[in-house]
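Undergrad: Residue numbers for the sequence shown follow our numbering, so the first one is 5 and each next one is one higher. We put the CB at the ideal spot given by N, CA and C, even for glycine. I'd like to ask you about the structure that follows.
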Amino acid sequence: MNFTYNIVDFDDVLFVRGGYGTLVDLGESFENGTLYTVGLGYRIFDDDFRNSWLVGFDFSRRRFGNQQNDKLSSVAIFLEFMLF
5 MNFTYNIVDF DDVLFVRGGY GTLVDLGESF ENGTLYTVGL GYRIFDDDFR NSWLVGFDFS
65 RRRFGNQQND KLSSVAIFLE FMLF
């Protein structure tokens, strides 16, 4: 499940996004758990407002293990292209 909220909504958009998910247990090599993510980004539209670029930062935390005590945190820079 993902959520996006536009902070500033002029020609270009400054937004906050977040998400929650479940890691699926697919056997001995993969453990089940949860995933949380929070990000801040900027959407840049082209001249006719059909396509856009998204740039920003995401913070993710994965919790897994028998009692979900094991944690893995990461920070990522994202660059996405959206077609409309």
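Can you list, in chain order, the residues of its chain whose CB lies under 6 Å from that of residue 21, leaving out five sequence neighbours each side?
TA: Closer than 6 Å at Cβ, skipping near neighbours: 8 and 43.
Undergrad: How about residue 87: is its C-beta nearer than 8 Å to some C-beta of chain C?
TA: In the displayed structure, chain C is absent; only one protein chain is listed.
Undergrad: Note down the Cα distance separating residue 88 from residue 54, rounded to an integer number of angstroms.
TA: Answer to the nearest angstrom: the Cα atoms are 5 Å apart.
Undergrad: What separation, rounded to the nearest whole angstrom, lies between the Cα atoms of residue 23 and residue 51?
TA: Going from the Cα of residue 23 to the Cα of residue 51 covers about 30 Å.
Undergrad: With a cut-off of 8 Å on the beta carbons, I'd call residue 67 and residue 25 a contact; round off their distance for me.
TA: About 11 Å; that fails the 8 Å criterion.
Undergrad: Suppose contacts are defined by Cβ-Cβ distances below 8 Å. Is residue 49 in contact with residue 13 by that definition?
TA: Not in contact: residue 49 and residue 13 (Cβ atoms no closer than 8 Å).
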